[in-house]
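S.K.: My structure is below; once you've seen it, I'll send some questions.
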Amino acid sequence: MDDHALFREALNRWFESQPDLEMAAHCASAGEALEVLRQKPIDVVLLDHDLGKERGFQFINDARQEGFQGRVLMVTAGMTDAESLQALRLGASGIFLKHNPPALLAQAIRKVVGGETWLDPASIQALVEAAKRPQWASQNKPFTERESQVLRGVFEGLSNKGIAARLTISESSVKAALQQLFQKTGVRTRSQLVRIALEEYRGQWE
């Protein structure tokens, strides 16, 4: 959903070239998009943050209230750190910046369809920098240095194998650190770990 007709048309033509992706509809307003959701099953909504007189956040709220269980990927020219955090707190599955190449958009869509969170590199840079600082540890359940290192790898989108190679440790050690992180934070997935960290650091961004 985007209020710029030219962008929607370009996106529609791009979807036609993707063998495994199909655009069910393109809408200029939240009302149009909600009507589409009522009529057909949708896996992913591509949602701009700035919709002229509307904001994407309101659409997310309205869609969830109507029972939409699919994914929402923010596709936007830019959002502040606080806005990015709010989008994720409301249930968006990721943030994709429009200046990125189309091939990366396809990757982002496939990732969120698979249940993962997509964060543009620019969106996670503040978290990566925060992970380097001593105050990275949670005050109530402090993370060990190894846990913080593994968590940083998760932020950067590395696999367990990639994290193990970076830290020169075994994959089983990475899995053990992840299990400790899951227990300490009370979440079950890697994408939820990212959201926990975003919540922890919103005070630095707002």
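The opening position of the sequence shown corresponds to residue 124 in our numbering, with each subsequent residue numbered one higher.
Don't be surprised by glycine CBs; every beta carbon is placed ideally from N, CA and C.
Keep in mind that this is a model prediction, so the values were computed, not measured.
Measuring only from the beta carbon, is T312 closer than 7 angstroms to any heavy atom that is part of the ligand MN?
M.R.: This structure lacks the ligand MN; in fact it carries no ligand of any kind.
S.K.: So, with DSSP's three-state summary, where would you put V310?
M.R.: As a first step, residue 310 is located in the sequence shown; it is residue number 187 there, counting from the start. The answer is coil: DSSP assigns V310 none of H, G, I, E or B.
S.K.: May I ask you to verify whether the stretch 300-316 touches the stretch 262-282, counting CB pairs closer than 8 angstroms and requiring at least 3?
M.R.: Short answer: they touch.
S.K.: Following the continuous beta strand (DSSP E) through L213, name the residue where it begins and the one where it ends.
M.R.: The sequence position of residue 213 within the sequence shown is 90, counting from 1. Here L213 belongs to no beta strand (DSSP E), and DSSP marks it neither H nor E.
S.K.: Can you list, in chain order, the residues of its chain with a C-beta nearer than 8 angstroms to that of L157? Leave out the 5 residues immediately preceding and following it.
M.R.: Taking the first residue of the sequence shown as position 1, residue 157 is located at position 34. These residues qualify, in order along the chain: F182, D185, A186, E189.
S.K.: Quick check: what's the CA-CA separation for A226 versus V310?
M.R.: As a first step, residue 226 must be located in the sequence shown, where it is residue number 103. As a first step, residue 310 must be located in the sequence shown, where it is residue number 187. Computed Cα separation, rounded: 31 angstroms.
S.K.: When burial is assigned at 16 or more other CB atoms within 10 Å of the CB, is S140 buried or exposed?
M.R.: To locate residue 140, count along the sequence shown from 1; it is residue 17. Classification for S140: exposed.
S.K.: Exposed or buried, L172, counting other C-beta atoms within 10 Å across all chains shown (16 or more means buried)?
M.R.: For the purposes of this step, residue 172 is taken as residue 49 along the sequence shown, with counting starting at 1. One detail in the question is off: residue 172 reads as His in this sequence, not Leu. Buried, since its Cβ has 16 or more Cβ neighbours within 10 Å.
S.K.: So, is A200 buried or exposed, given that buried needs 16 or more other C-beta atoms within 10 angstroms?
M.R.: Your numbering for residue 200 matches position 77 in the sequence shown. Burial call: exposed.
S.K.: Would you list the residues sitting across from F191 in a DSSP beta bridge?
M.R.: Position 68 of the sequence shown, counted from the first residue, corresponds to residue 191. The partner list for F191 (beta bridge, DSSP) is empty, contrary to what the question assumes.
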